[in-house]
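In the working numbering, the protein residues as written are 240 to 325. Notes follow once the structure below has been shown.
This is the structure:
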């Protein structure tokens, strides 16, 4: 069984990893924003269902990435609370 300091180190490593993941998600999110803007510009004046579906899917992907960032921030906060409590 790990001692308190080992647990704190492990939690800190978890937090660091989660924060790196958030940075990666934000980079992907920026790429999706660019793709979404490009698709919207390309589809201006087009009422093709496939273009509308592409835009809708990109918007949904972007929303889910935002949710992932929020959940990860919540996890980091909880992990830090745990680390500070022990």
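Yeah, the Cβ is synthetic: ideal placement off N, Cα and C, and Gly gets one too. Remember, it's a predicted structure, so these values are computed and weren't measured experimentally.
Alpha-carbon spacing of residue i relative to residue j, whole angstroms
i	j	result
residue 304	residue 325	32 Å
residue 269	residue 243	39 Å
residue 271	residue 288	20 Å
residue 285	residue 291	9 Å
Run of the alpha helix (DSSP H) containing residue i, from where it starts to where it stops
i	result
residue 323	288 to 324
residue 280	243 to 282
Cβ-Cβ distance between residue i and residue j below 8 Å
i	j	result
residue 278	residue 297	yes
residue 302	residue 260	no
residue 247	residue 308	no
residue 313	residue 294	no
Cβ contact check for the segment 241 to 261 and the segment 315 to 322: 3 or more pairs under 8 Å: yes
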